[in-house]
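Sequence lines, in order, name chains R and S. First residue of the first sequence: 1, per this note's numbering; consecutive thereafter. First residue of the second sequence: 1, per this note's numbering; consecutive thereafter. Heads up: the structure comes next, in structure tokens.
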Amino acid sequence: AQSVTQLGSHVSVSEGALVLLRCNYSSSVPPYLFWYVQYPNQGLQLLLKYTTGATLVKGINGFEAEFKKSETSFHLTKPSAHMSDAAEYFCAVRARYNQGGKLIFGQGTELSVKP
Amino acid sequence: GAVVSQHPSWVICKSGTSVKIECRSLDFQATTMFWYRQFPKQSLMLMATSNEGSKATYEQGVEKDKFLINHASLTLSTLTVTSAHPEDSSFYICSARGVSGSLINEQFFGPGTRLTVL
């Protein structure tokens, strides 16, 4: 069975500092990997995804993530945090060979950005 | 492109009444739609998967008679919370997956519906 673990339910950074949100997955076959952002009382917006090819994936709003098979990780980074980045972030996985597969979400990480 | 809407965005109802939430894919066709529930400060919990023209598949522990799902067309799925009680108060989010191309590998999420049962 697949699972996703996000280390740290709350991360706080200063404006301009590096953002690092951690995500590890458990799966016998590397799954599709996703990062979503959720602002208060809103749905989820896709930041980026990894399906195949280059392991460093660039997304919207300056975020990127690197798929590391050896570490079963897909950590999300952004070089310089902005106040508008404050939100809830979810890592998710989906089975690679099952088109009907469900998304499995991590527990989420709340990012706070201090001025 | 790939926009999903939900209606209503929020609803307050009395205990014992039923509430219907609509999920629409506005600019693409969706054979599969998903319904999630999210409690405050928690992750999304998948409630059910609905495929157009067939019965929904409910996750373990989700009462199908309590949460009625209908996916009558390729652009519309509805979730009806029957005989709602205060413990059903939550944020309900739907997502839709397209029928072809790049849309088939991604779920597009609606903005959510806040349900409060008094």
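Built from N, CA and C at the ideal position, the CB exists for glycine as well.
Quick check on the DSSP output: what are the complete beta strand (DSSP E) runs of length 3 or more inside the region 47 to 107 of chain R, in order along the chain? 56 to 58, 64 to 68, 73 to 78, 87 to 94, 103 to 105
Measuring straight from C-alpha to C-alpha, what distance separates R/Tyr-25 and S/Glu-59? Taking the first residue of the first sequence as 1, we reach residue 25 of chain R at position 25. Taking the first residue of the second sequence as 1, we reach residue 59 of chain S at position 59. Spanning the two alpha carbons is a distance of roughly 21 Å.
Within the 8 Å Cβ cut-off, does R/Leu-103 reach chain S? Position 103 of the first sequence, counted from the start, is the residue given in the question as residue 103 of chain R. At a cut-off of 8 Å between beta-carbon atoms, R/Leu-103 makes contact with chain S.
Tell me whether the region 90 to 110 of chain R and the region 40 to 58 of chain S touch, counting them as touching only if at least three CB pairs, one residue from each stretch, are closer than 8 Å. Here the region 90 to 110 of chain R makes contact with the region 40 to 58 of chain S; the two share three or more CB pairs at distances below 8 Å.
Could you give the DSSP three-state label for S/Glu-63: helix, strand or coil? Walking along the second sequence from the start, residue 63 of chain S turns up at place 63. Looking at S/Glu-63 - three-state DSSP - the assignment turns out to be coil, as it is neither helix nor strand.
Would you say R/Leu-46 faces chain S, with C-beta separation under 8 Å as the test? Reading the first sequence from its first residue, position 46 is the one you call residue 46 of chain R. Chain S contact via Cβ: present.
Three-state secondary structure assigned by DSSP to S/Asn-51: Taking the second sequence and counting its residues from 1, one reaches residue 51 of chain S at position 51. If DSSP states are grouped into helix, strand and coil, S/Asn-51 belongs with the strands.
Mind checking who S/Glu-87 pairs with in its DSSP beta bridge? Counting from one through the second sequence, the residue named residue 87 of chain S turns up at place 87. In the DSSP output, where bridge partners are listed per residue, S/Glu-87 has none listed.
Going by Cα to Cα distance, which pick from R/Ala-1, R/Ser-3, R/Val-19 is closest to R/Ser-110? For the purposes of this step, residue 110 of chain R is identified with residue 110 of the first sequence, where counting begins at 1. Reading the sequence as shown, one finds Glu at residue 110 of chain R and not Ser. Of R/Ala-1, R/Ser-3, R/Val-19, the residue nearest in Cα terms is R/Val-19.
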